[in-house]
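Data first, discussion second: the structure below is written as structure tokens.
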Amino acid sequence: MEQHESLWLFLQQQSGKLLQQTIQHIGLTFISLLIAILIGLPLGIYITRSKRMAGVVLGVAGILQTIPSIALLGFMIPLLGIGPIPAITALFLYALLPVIRNTYEGINGVDAGVREAATAMGMTPLQRLLRVELVLAFPVIMAGIRTATVINVGVGTLAAYIAAGGLGEFIFGGIALNNTNMILAGAIPAALLAILLDFLLSLVQHTGNKGRRRAIAFLPVALLVFSSFSVIPIGYSSRLLAGFTPEFMGRRDGDIGLRTVYGLHIRTVVISDAVMYKAIYNHKLDVISGYSTDGRLKAYDLIVLDDDKKIFPPYYAAPVIRKEVLTKYPELAPVLNKLAGKINDSLMTLLNYKAEYEGQSPQRIARDFLTGQGLYRTPGTGNKGMVILGSKIFPEQYILTDMYAMLIRGYTDLQVESKTGLGGTKICFEALTHGQIDMYPEYTGTALLAILQPPPDVAGRLATSRDSVYNYVSQRFDREYGLTWLEPIGFNNAYALMMRRSQARQLGIQTISDLTNYLKKER
Amino acid sequence: MIEVKNITKTFGAYIAVDDISFTVQEGETVVFLGSSGSGKTTLLKMINRLLEPDSGEIRIDGRGIVDQRVEDLRRKIGYVFQNTGLFPHYTIEENIATVPRLLRWDRQRIAERTITLMEKLQLRPEQYLTAYPRELSGGQQQRVGIARALAADPPILLMDEPFGALDPITRSNVRKDFKELDELRSKTIVLVTHDIQEAFELADRILLMDKGRIVQQGTPDELLFRPSGDYVRQFLKEQRFQLEAERIAPGDYPALIRAFDHFKTRES
Chain A
0 MEQHESLWLF LQQQSGKLLQ QTIQHIGLTF ISLLIAILIG LPLGIYITRS
50 KRMAGVVLGV AGILQTIPSI ALLGFMIPLL GIGPIPAITA LFLYALLPVI
100 RNTYEGINGV DAGVREAATA MGMTPLQRLL RVELVLAFPV IMAGIRTATV
150 INVGVGTLAA YIAAGGLGEF IFGGIALNNT NMILAGAIPA ALLAILLDFL
200 LSLVQHTGNK GRRRAIAFLP VALLVFSSFS VIPIGYSSRL LAGFTPEFMG
250 RRDGDIGLRT VYGLHIRTVV ISDAVMYKAI YNHKLDVISG YSTDGRLKAY
300 DLIVLDDDKK IFPPYYAAPV IRKEVLTKYP ELAPVLNKLA GKINDSLMTL
350 LNYKAEYEGQ SPQRIARDFL TGQGLYRTPG TGNKGMVILG SKIFPEQYIL
400 TDMYAMLIRG YTDLQVESKT GLGGTKICFE ALTHGQIDMY PEYTGTALLA
450 ILQPPPDVAG RLATSRDSVY NYVSQRFDRE YGLTWLEPIG FNNAYALMMR
500 RSQARQLGIQ TISDLTNYLK KER
Chain B
0 MIEVKNITKT FGAYIAVDDI SFTVQEGETV VFLGSSGSGK TTLLKMINRL
50 LEPDSGEIRI DGRGIVDQRV EDLRRKIGYV FQNTGLFPHY TIEENIATVP
100 RLLRWDRQRI AERTITLMEK LQLRPEQYLT AYPRELSGGQ QQRVGIARAL
150 AADPPILLMD EPFGALDPIT RSNVRKDFKE LDELRSKTIV LVTHDIQEAF
200 ELADRILLMD KGRIVQQGTP DELLFRPSGD YVRQFLKEQR FQLEAERIAP
250 GDYPALIRAF DHFKTRES
């Protein structure tokens, strides 16, 4: 095995990016916090005066809190597009509940006698609020702000999914690339940031009465300064905007290859593949990194730019299975190989299109396909043993896994359990090597570059041919992990740069070199 | 002068104050005396509009209390709470200076006034000026409460069981110093208590209250020697001998004998 670069080395090499991501992260955290305070604090005060509204406001804020963060980010895209604005909006909604609730509870917790005394002394309601209630509720309100800050630092990592930057870029890039150092380079600073901010705010929370008044004056300034981080511009300026997945950003056969081999310099944001296609379709992006069999290619009328300098290695899909399972159930290999060579690129794109665009269930697509091929059989007894299938979290994998499950049930007496939706390459591969799943469909290029990670010259030499990559990965998987690569299914789901068909035609761009030249001319 | 006319206050179906009228003359000390639930605190709180009556009218120096800004009204009326109501986040100095600050007195005047009051109430400024309420004993806190109420030299002082939360020894000390305050000479004072001794010691006039109504109003002597009925007699029964004895000038033996006879007849 190659020597893995140490975390320290990684941090040194990526220090510029790390700093940029950290600043973005602080910016996202604080500007959303600032807005949450600007809105939550008055709202919290208002509901102490109007108890009837308290239930409604706290209820709504509570419901917002329960929406899964990734779903909330997803809802934002049709409304606000991609980038910092939807991310800040989502973070703001999460920060709202702790701010409102603690303001409400803090003010309600002020001793009734003290409040009555303030009234009896002749304070106006506003004087009473500013001089007595808010000052006495301050520790409770600060506790709410601390909670909101920690939530925002955590949820803020998800901002990387919608091109808002932040430390999530390293975390999700690392997960996708099976690069532990990269994950840690994002996760450790994020954790430290949460701890540090929480600590600093705890100092503010527990200052004495004099310090408290100073803090009330100083805090907005600090919030504003940190918030301004989020508007610092980043990257190249170019008329076209690219959106690349975290995985693509860190790969030699991704952004790095585009820069070094093609000399492509384009303004780039990091974005999740789940929202990338919609974003390019809505003209929020102009170039994306996609997969050549993705059904959305067809759905959104995109074209694949020709990789004329061959930086994207082949990604032939094939089932990877644990050797001991094959030994235990020798009937399995021929059954799984029934799919070998059956699905080419355009067929896979069509199947994906059915899932992603027509909304058909993967089971139905799998069954229709097998029936059409004359491969479908009714399930056997299922009393011989159990095989556990895994899949990554996108439709193509679901469809393939369902096909394999139907084949195993139909041609053997084995039972099948599916563990679909295992985050990324790293999670699937770890689950397989630790025996939590028995097989999953993997791609030759991914295995080469994300799992085995040979030196660049070796990878470069292999990358030109389908068979050399397949032979290399199947040999090393067999030797090092006790895993067997069965025969490839046929299609090549390689990385690809995509553009809207209309724009590509208008600009006369067909290959990646065309794109590079267009951007050079523009500058 | 405080004029209260036909004041009624209900909380839901419960009648806390039932059609009460009375007048407090300028410079007079009037005590609302009664057991808990008699409506005396409710009545007091309506004078500075901490509570609003359902019906009736209150006038101060001829002017209706609803005819002015409520904050201005309150800043002219000192208020002392049973549980001090001190602001825990304010120093003693800041607590006392609350109303003068609201009235925008200049710094110098506030500082001088604060120190004067602290000295009069036996609170050593050098020790307590920058202290917080929690650092003081209950008796000292109540002294601060009184100082705060007097700070802007209001013509009227409302006191809600001001000595009620103190232990007996502290209570008699604070009360003694309170009685001797020259600040109070010209003030109109309304004080609420359930303590008969305290009422008789401080009052020019007592309003004895029960179930939201005034049972009898008069000087301590009138209540003691010309009770309007059984309720008053019964209410004062326990303390009658002591109250009467305190009212006898030294050497007035016939009066002492009369009082003792009174006591005996009551016992038999």
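Top line first, the protein sequences correspond to chains A and B. With numbering that gives the first Met the number 0, letter number 368 in the first sequence gets 367, and the count goes up by one each step, no holes. With numbering that gives the first Met the number 0, letter number 191 in the second sequence gets 190, and the count goes up by one each step, no holes. C-beta atoms are modelled at their ideal positions from N, C-alpha and C, and glycine is treated no differently.
> Within the present structure, is the beta-carbon of A/I364 separated from the nearest heavy atom of the ligand COA by less than 8 Å?
Replying inline: Of ligands this structure carries none, so the ligand COA is not represented either.
> On the three-pair Cβ rule with 8 Å, is the stretch 122-134 of chain B touching the stretch 150-159 of chain B?
Replying inline: no
> What's the C-alpha gap between A/T118 and B/K178?
Replying inline: 27 Å
>> Give me the subset of the stretch 41-59 of chain B whose CB atoms are less than 7 Å from a CB atom of chain A, sorted by chain position.
In response: If the cut-off is 7 Å between Cβ atoms, the stretch 41-59 of chain B has N47, L49 near chain A.
> When the Cα of A/W484 is compared with those of A/A493, A/V269, A/A316, A/A495, which residue comes out closest?
Replying inline: A/A316
> So which residues of chain A does B/E70 contact, with C-beta pairs closer than 8 Å?
Replying inline: Ordered by position in chain A, the residues that pass the 8 Å Cβ test against B/E70 are G121, M122, T123.
>> Quick check on A/Y389: does DSSP put it in helix, strand or coil?
In response: The amino acid at residue 389 of chain A is misidentified as Tyr; the sequence shows Gly. Assignment of A/G389 by DSSP, reduced to helix, strand and coil, places it in the strand class.
> Listed in chain order, which residues of the stretch 98-112 of chain A have Cβ atoms closer than 9 Å to some Cβ of chain B?
Replying inline: D110, G112
>> Short of 6 Å in beta carbon distance, which residues of its chain neighbour A/G105, apart from the five on each side in sequence? Order them along the chain.
In response: Close CB contacts of A/G105 within its chain, under the 6 Å cut and outside five residues either way in sequence, are with A136, V139, I140 (chain order).
> Within the 9 Å Cβ cut-off, does A/Q126 reach chain B?
Replying inline: yes
> Can a CB atom of chain B be found closer than 9 Å to the CB of A/T523?
Replying inline: Look at the range of chain A in this structure, 0 to 522, and you will see that residue 523 of chain A is not part of it.
>> Counting only Cβ pairs nearer than 9 Å, list the residues of chain A close to B/R73.
In response: T118, A119, M120, G121, M122
> In chain order, which continuous runs of the alpha helix (DSSP H) of length 4 or greater are located wholly inside the stretch 174-229 of chain A?
Replying inline: 179-204, 208-227
> So with Cβ pairs under 9 Å, would you call A/V203 a contact of chain B?
Replying inline: no
> How is A/D293 classed by DSSP in three states: helix, strand or coil?
Replying inline: coil
> What whole-angstrom Cβ distance do B/V16 and B/G38 have, given they're in contact under 8 Å?
Replying inline: 5 Å
> From this set, B/I256, B/F234, B/E134, which residue's C-alpha is nearest B/S35's C-alpha?
Replying inline: B/F234
> Of all the CB atoms in chain B, is at least one closer than 9 Å to the CB of A/E115?
Replying inline: yes
> Once you ignore the five residues that flank A/L202 on each side, which residues in its own chain have a CB closer than 7 Å to its CB?
Replying inline: Same-chain partners within the cutoff: there are none.
> Based on the DSSP secondary-structure assignment, which residues constitute the bridge partners of A/W484?
Replying inline: DSSP lists A/V319 as partners of A/W484.
>> Taking 9 Å as the threshold (beta carbon to beta carbon), is B/L101 in contact with chain A?
In response: yes
> How many Å lie between B/E266 and B/K236 at the Cα?
Replying inline: Residue placement at B/E266 cannot be trusted, given a pLDDT of 49 that sits under 50; what the coordinates show is reported in the next sentence. Taking the straight line joining both Cα atoms gives about 10 Å.
>> Our contact map puts A/A94 next to A/I46 with C-beta atoms below 8 Å; I'd like the distance itself, whole angstroms only.
In response: Not a contact, Cβ separation roughly 17 Å.
> Given that B/Y127 touches chain A, what residues does it touch there, using C-beta distances under 9 Å?
Replying inline: For B/Y127, there are no neighbours in chain A by C-beta distance under 9 Å, as the nearest C-beta there is about 16 Å away.
>> Quick check on B/N268: buried or exposed, where buried means 16 or more other Cβ atoms within 10 Å of its Cβ?
In response: What the structure shows of chain B is the stretch from 0 to 267, and residue 268 of chain B is not part of that stretch, so it cannot be assessed.
> Across which residues does DSSP place A/N491 in a beta bridge pair?
Replying inline: A/Y315
> What beta strand (DSSP E) runs, 3 residues minimum, are completely inside the stretch 86-119 of chain B?
Replying inline: none
>> What would DSSP say about A/V109, mapped onto helix, strand or coil?
In response: Correct three-state label for A/V109: coil.
>> I'd like to know whether the C-beta atoms of A/L157 and A/L72 end up nearer to each other than 9 Å.
In response: yes
> What is the rounded straight-line gap between the Cα of A/A89 and the Cα of A/V109?
Replying inline: 32 Å
>> Quick check on B/P253: does DSSP put it in helix, strand or coil?
In response: helix
> Secondary structure at A/T148, three-state DSSP: helix, strand or coil?
Replying inline: helix
>> On the criterion of 16 or more Cβ atoms from any shown chain inside 10 Å, does A/L451 qualify as buried, or is it exposed?
In response: A/L451 is buried by the Cβ-count criterion.
> Of the choices A/L482, A/I426, A/E395, A/L42, whose alpha-carbon is the least far from that of A/E355?
Replying inline: Measuring from the Cα of A/E355, the nearest candidate turns out to be A/E395.
>> Let me confirm a value: B/I19 is counted as buried when at least 16 other C-beta atoms fall within 10 Å, else exposed. Which label applies?
In response: buried
>> So within the stretch 344-427 of chain A, which uninterrupted beta strand (DSSP E) runs reach at least 3 residues, ignoring any that extend past its ends?
In response: 384-389, 413-418
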